[in-house]
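Asker: Numbering (the numbering used here), first residue to last: 20 to 163. Positions of the beta carbon are idealized from the N, C-alpha and C atoms, including for glycine. Since the model is a prediction, treat every value here as computed from it, not as a measurement. Following this message is one structure expressed as structure tokens.
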């Protein structure tokens, strides 16, 4: 890629915008869950399960914060890249665009880890509702 046109970083604008929207939705869902857990925490006497959930939520919130920060950084670097291209600073524009892509990559990696943590949170939620996990084969062969 010898020539970096202004269209190249502009292509990332809709992708980053949609990504930020998805991150915001995840954050809002977590915030609602935190409020719900807070109400349960105040009412409950047995709080072992709630402590596990709260611990998981704290970690997930920090990952979401990092996802959002890196997504915004990627977006800002795209804008800076476009400015540098406009001013004909081609070498600097390529470096800033590379940093933008790395920020986006890091944001996606944080997102992947947060998704894995969210599935663990669901496992914690389900842990007190099941006596034991049936094997997959038994589950598939069971007629009920």
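How long is the line joining the alpha carbons of residue 82 and residue 27, rounded to whole angstroms?
Answerer: 28 Å
Asker: CB residue 140 to CB residue 79, shorter than 9 Å?
Answerer: yes
Asker: Could you say which of 129, 23, 91, 52 lies nearest to residue 37 if we only look at CA atoms?
Answerer: Closest option to residue 37, Cα to Cα, is 91.
Asker: Nearest to residue 77 by alpha carbon, out of 42, 122, 53?
Answerer: That would be 53, whose Cα lies nearest to the Cα of residue 77.
Asker: Go to residue 24, then tell me how far its alpha helix (DSSP H) extends in each direction, as first and last residue.
Answerer: Careful: residue 24 lies outside any alpha helix (DSSP H) and carries neither H nor E.
Asker: To the nearest angstrom, how far is the alpha carbon of residue 99 from that of residue 109?
Answerer: 12 Å
Asker: For residue 84, count the other beta carbons within 10 Å of its own beta carbon; 16 or more makes it buried, fewer makes it exposed. Which is it?
Answerer: The residue is exposed, with fewer than 16 neighbouring Cβ atoms inside 10 Å.
Asker: Evaluate residue 74 with the Cβ neighbour count: other Cβ atoms within 10 Å of its Cβ, from every protein chain shown; 16 or more gives buried, anything less gives exposed.
Answerer: exposed
Asker: Just how far apart, CA to CA, sit residue 24 and residue 130?
Answerer: 29 Å
Asker: Which class does residue 42 belong to by DSSP, given the choice of helix, strand or coil?
Answerer: helix
Asker: Which of the three DSSP states, helix, strand or coil, is assigned to residue 106?
Answerer: coil
Asker: Straight-line CA distance for residue 87 to residue 61?
Answerer: 30 Å
Asker: Please return the same chain residues whose Cβ sits closer than 7 Å to the Cβ of residue 105, not counting the five positions on each side in sequence.
Answerer: 25
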